[in-house]
Each structure stands twice: as structure tokens, then as C-alpha cells.
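Before any comments, here is the structure.
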Amino acid sequence: MKFTTKTEYGLVCLIYMARDTSADMITIREIVKKERFSPAYIEKILQKLRSANIVVSHQGKQGGYALARHPSEITLKEIIEALEGGATFDIQTFGIFCEPSMREKIVCTHFSMCGLRPVWQKTKELLDNFYGSITLEMIVKEEHQVKNLVSAGQAH
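In C-alpha cells form, the structure reads like this:
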């Protein structure tokens, strides 16, 4: 499974916002200074997150970005969907070319007898459910704590 830098950098930005409880707003400049990302790229990522109601933004001297909701209400699934896109994410990640909506775009003569379709569909379902159970609040914790939560099945 492969995610683009949009998701990687977007998660870094969101974790930064969730951890910095002292500030009302986080500026792109702050994130760029700490993480050494391209300001233009971070701005595009934050705009996508704003469109998905994951962050809010305010203009002006006291402006910047902040989480739109508490970290416990933001799931990894919605972050990935906001940054990777729904249908594109499904196709690129799982290779689900068996979907009827994709048949016009590809050439495959095995639709009627292909046993892979249920495997890909179940894989997608499992990952969607798993990513839907992981919250930003969980991801903000230290690696060993997240590993314990995931291993214990508390990612719900």
C-alpha cells in the first residue's frame, strides 16, 4: 500500500496541531520552520483538509490553521480520503479494477470469472474499518503507546 506525500505531510501537520495545545492557531510558517516542508505544498494540503472540515483557517495577524474538531473525532480514514481522494485511493491502493464503474476505462476479459474481486473488496472493507477506528488523538501518542492500542484491539 502506498500513500503520497500529501498524506504523510498532512498527518505531520495535523499531529503538530493536535500536540500544540498552547496556540489557538498554527501558521504555515511555524510548520515549515519545524518540518522543512515547502510552504506552497503545505498550503495546498491544508486547503484540502479545510475543505474536508478537518481544519479551520482564519486570516489576519492572529490567523492560521487549527483543528476543526477534537482529535478524538478525526479519523485516519477521513484524513486519507481528504488527501488522497476516495475513488483514486481505492483504485491505486487496492487495484480494484473489477468495479463496474471502472470497466469502461480498462480492458479485462475476466470480469465474470475473476475470484480476486471479493478478496480486494474484503481488503478494502477491513482497511476502511481499521482506518476508521484510528483517531488523530491516538496517533498523537508515542509510538509504543499506539502500538499497544492497536495490538490490544482498542483502535475502535
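Everything in the sequence shown is counted per numbering that gives the first Met the number 0, starting at 0 for the first residue and increasing by one.
Where a beta carbon is used, it is the ideal one built from N, C-alpha and C, also for glycine.
Quick caveat: nothing in here was measured; it's all calculated off a predicted structure.
Handout entry: Identity of the residues DSSP links to I25 by a beta bridge
Key = Counting from one through the sequence shown, the residue named residue 25 turns up at place 26. Answer by DSSP bridge pairing, in chain order: Y64.
Exercise for the section: Starting from V54, follow the beta strand (DSSP E) in both directions and report where the run begins and ends. Expected result: Taking the first residue of the sequence shown as position 1, residue 54 is located at position 55. Start and end: 54 to 57.
Problem - T3 - DSSP class collapsed to helix/strand/coil - result: Against the sequence shown, residue 3 aligns to sequence position 4. Three-state result, T3: coil.
Exercise for the section: Starting from the Cα of D127, find the closest Cα among T74, Y8, K43 and give me that residue. Expected result: Start at 1 with the first residue of the sequence shown, and residue 127 comes out as number 128. Out of T74, Y8, K43, T74 has the C-alpha closest to the C-alpha of D127.
Practice task
Taking E34 as the reference, give the member of S56, G9, N52, L148 with the closest Cα.
Solution key: Taking the first residue of the sequence shown as position 1, residue 34 is located at position 35. The option with the nearest alpha carbon to E34 is G9.
Handout entry: Test item: CB-CB of L66 and M16 under 7 Å
Key = Residue numbering aside, residue 66 sits at position 67 when the sequence shown is read from its first letter. Residue numbering aside, residue 16 sits at position 17 when the sequence shown is read from its first letter. It is a contact, given that the beta carbons lie within the stated cut-off.
Exercise for the section: Look at the Cβ atom of A51, then the Cβ atom of A81, and state whether they are nearer than 7 Å. Expected result: Counted from its first residue, the sequence shown places residue 51 at position 52. Counted from its first residue, the sequence shown places residue 81 at position 82. Contact flag set, yes.
Practice task
Could you have a look at T20 and say whether DSSP puts it in helix, strand or coil?
Solution key: For the purposes of this step, residue 20 is taken as residue 21 along the sequence shown, with counting starting at 1. Coil.
Exercise for the section: Within its chain, find whatever has a CB closer than 8 Å to the CB of K47; leave out the 5 residues flanking it on each side and keep chain order. Expected result: For the purposes of this step, residue 47 is taken as the residue at position 48 of the sequence shown. For K47, where only same-chain residues beyond five positions count, the Cβ hits under 8 Å are K5, G9, A81, L82.
Problem - Same chain only: Cβ atoms within 6 Å of G63, ignoring 5 sequence neighbours per side - result: The residue you call residue 63 lines up with position 64 of the sequence shown. Correct list, in chain order: M24, I25, T26.
Practice task
Return no unless some Cβ of chain C is closer than 7 Å to the Cβ of V118.
Solution key: Absence of chain C from the displayed structure is noted, only one protein chain being present.
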